[in-house]
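Protein chains in written order, with UniProt numbering: chain A, 1 to 414; chain B, 1 to 414.
Below is the structure:
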């Protein structure tokens, strides 16, 4: 595990310029990005990613869920490739680095290998997974779960966004926009997967450290809770006679706050989305639906709290009907110790302060860990803020992460 | 107050057919209607109303808020007219009778006078007030409050619907669609106003009575509560560090439930609309806004509970900023006893079971009562259900209300 010359050819300015260029697709006030999965903005980002790869002669591939791969050949074309990357879609009020950094750092690493004149035994590929965020189309991480075979695209056939636009139609549009990407099946052998990402938490930033050698991800479970009552006139219907879905939702959330209470403040419980019908001031609501995002490092805690959600909601629903469905389940995962060691080693060899740490956010790497040896590289983001226009990272830290990534890829690709 | 021949010429079938024709504009499944104020559907309804009047030679008039008037001349063209009518806009999941009945019953009464060969001293006009519901554009009852001078159209210059469409642009489109309606100022003298309406409550239906001689309306106050926090990552942000607008809204609503508690179940408290941003599962909400619809027959109760809303919300908002604004205030009103007596008299003279009663819902008549002698005529609706696709009324009851209305109008117009 000597350090190669690859890291010396990482170009900080090029990497920064590409972040700025990508940020134009879906730019929102405050330096933010709104690049919903498979939107026109996402398609522009995907075309740009493929065009940048084409300048280096990297062939583009795709699959039936729209994952995009750029391939730098190895000496052994039959060898299972080393894979790196992340996602190009964003939150509705997201930043310029979440996901995008992992894709651009992967491309930068490949270009650094080119410029250093390094040939590897195995091919190296950079992936942009489809719809990691899950904010436009639920669930998230569609691309990686389809790739590893946990779900099939047919499972998402009925998914629509909030405006009623079908996922399948938007996927077809995105695929048609990149005819130069060669179709491939899912689940081909991957030698190893390494995902670079901003931390999205405050640990590295607060401690002034540059590299996180990520050894695990806490588990996550998503639920959808739907209350159905009856709409009626706000002026004439006595409160005792109502089946008010908003009031039922409020009681459910209050009950869930009790269920999810954690004095140690390790458990993460979020109701991020609420949808009400007919949603007008003077009609009692007939329907109220909300999402639950529950996370914890311990599978036993996720199981114990998660299995009580339906019971708590039923007890709180009063005269309304309640339906609880689980829309995503990602168990806590531990990454491959060998790759985590390499991340730590190369960071130290490059003189970068490094910490072994867990991830609070989930990532496509959480699913890939069950499919092939996997790890992640974190870099700091300002005050730990993410999923927010104010998300920020420095050009130096972005380049430092790409340097470590380049060295780890050379190591893994031989 | 002898009963004239007018009521005998009310045509039950014509009145029913016109309800069916109007229900086509914005028809939704389950026999319902979604005819948002100033939408394309509302404009179609307005054109149809004017066209039906034109068949009888009734001139059409409008004003700067888009109220529509059809005029049946009197012997004295300078006399202040008697006015009847209601509104053609609906709730998003509304029925075929709320508002529409009052407009069509007014038109039916005028046609009955024509067919009976009755000439009146005063002109009689039928009005369709603009945006009574307030479900697309807030506040409701824009047309009547502008007519009486309580608000000016300039007060609504910044109003937009949930999709961001400006009220002013939609108003201009609606006015342009009816060039044959002659512009008029607001606030011209009105001799009396009588509004026919379905009860929207269960009293007449449950008792098998046909006519409500409405003597009062409970008061209503609308508020908008807005919580502003900070969006952040659902997986990484400790709960103690969050400024979660959804959780703040839940605490506010729970606190307001306590404030509004009424063991007698006379007070009406409704949170009908909730809007969350960015409204995705894995981001803490930065903004949550909700509406309050508060009603009570006693002005003192409305004042006492209403003035504590901001204090309760501030106490519940935690780390979020809170803003409370009042968007509508309609004091409890008592109608003109002389007109209520005439409604009761003519119902009895026609052999219709009648009850003096208050209105739980508010209506444009609540504002008109402060401007000219005013009353309302209620007819039963099935199980008291309104603001719901299942809203229903019988052809016999619709015609009965129109017969009473025709007699009252003849009485008032001389």
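Virtual Cβ for every residue (Gly too), placed ideally from N, Cα, C.
- Looking at the DSSP output, residue 293 of chain B sits in a beta bridge with B:222 and B:270.
- Look at residue 378 of chain B here: in three-state DSSP terms it is strand.
- The Cβ-Cβ distance between residue 410 of chain A and residue 78 of chain A does not fall below 7 Å.
- Around the CB of residue 195 of chain B, 16 or more other CB atoms lie within 10 Å, so the residue is classed as buried.
- Between the C-alpha atoms of residue 123 of chain A and residue 8 of chain A there is a straight-line separation of about 21 Å.
- Cβ neighbours of residue 352 of chain A within its own chain (closer than 6 Å, five residues either side excluded): 210, 211 and 400.
- At a cut-off of 7 Å between C-beta atoms, residue 92 of chain B counts as an interface residue with respect to chain A.
- Residue range 167-176 is occupied by the alpha helix (DSSP H) that includes residue 167 of chain B.
- Judged by pairs of C-beta atoms under 8 Å, the stretch 76-95 of chain B touches the stretch 113-131 of chain B, as three or more such pairs exist.
- In this structure, DSSP gives residue 275 of chain B an extended state, which the three-state scheme calls strand.
- DSSP, read as helix, strand or coil, puts residue 246 of chain A in helix.
- If you compare the alpha carbons of B:295, B:51 and B:286 with that of residue 306 of chain B, the shortest gap goes to B:295.
- Counting only the Cα atoms, residue 144 of chain A lies some 51 Å from residue 98 of chain B.
- Contact annotation: residue 370 of chain B and residue 361 of chain A have beta-carbon atoms that are not nearer than 7 Å.
- Shown in chain order are the members of the stretch 358-378 of chain A whose Cβ falls below 7 Å from a Cβ of chain B: 360, 361 and 362.
- Residue burial annotation: residue 407 of chain B is buried, with at least 16 other C-beta atoms found within 10 angstroms of its C-beta.
- What residue 206 of chain B touches in chain A, judged by beta-carbon distance under 8 Å, is nothing: the nearest beta carbon there is about 12 Å away.
- Per DSSP, residue 339 of chain B lies in no beta strand (DSSP E); the unbroken alpha helix (DSSP H) holding it starts and ends at 337-349.
- Between the beta-carbon of residue 363 of chain B and that of residue 217 of chain B there is about 7 Å, and that keeps the pair under the 8 Å contact cut.
- The beta carbon of residue 114 of chain B sits closer than 7 Å to the beta carbons of 56 from its chain, once the five residues preceding and following it are set aside; these are given in chain order.
- In the three-state scheme derived from DSSP, where H, G and I count as helix and E and B as strand, residue 152 of chain B is classed as coil.
- Only residues of its own chain outside the window of five on either side were considered, and among them 276, 285 and 288 have a CB closer than 7 Å to the CB of residue 246 of chain A, listed in chain order.
- Closest in alpha carbon position to residue 175 of chain A, among A:316, A:338 and A:64, is A:64.
- When C-alpha distances from residue 397 of chain A are compared across A:230, A:208, A:318 and A:346, the shortest belongs to A:208.
- In terms of Cβ geometry, residue 186 of chain A and residue 324 of chain A do not form a close pair [threshold 7 Å].
- Proximity of residue 279 of chain A to chain B, defined by a Cβ-Cβ separation below 7 Å, is satisfied.
- Of A:107, A:348 and A:373, the smallest CA-CA separation from residue 334 of chain A is found for A:373.
- Scanning chain A for C-beta atoms nearer than 8 Å to the C-beta of residue 269 of chain B yields 239, reported in chain order.
- For residue 155 of chain A, the nearest beta carbon of chain B is not closer than 7 Å to its own beta carbon.
- An exposed status is given to residue 311 of chain B, since fewer than 16 other beta-carbon atoms sit within 10 Å of its beta-carbon.
- A check of alpha carbon separations from residue 136 of chain A across A:282, A:171, A:126 and A:116 identifies A:171 as the nearest.
- Between residue 221 of chain A and residue 320 of chain A, the beta carbon gap of about 23 Å keeps them out of contact (Cβ cut-off 8 Å).
- Taking all protein chains shown into account, residue 17 of chain A has fewer than 16 neighbouring C-beta atoms within 10 Å of its C-beta and is therefore exposed.
- Sixteen is the threshold: when 16 or more other Cβ atoms of the shown chains lie within 10 Å of the Cβ of residue 41 of chain A, as they do, the residue is buried.
- Across the structure, residue 225 of chain B and residue 131 of chain B are spaced so that their CA atoms are roughly 22 Å apart.
- According to the DSSP assignment, residue 387 of chain B belongs to no alpha helix (DSSP H), since it is labelled neither H nor E.
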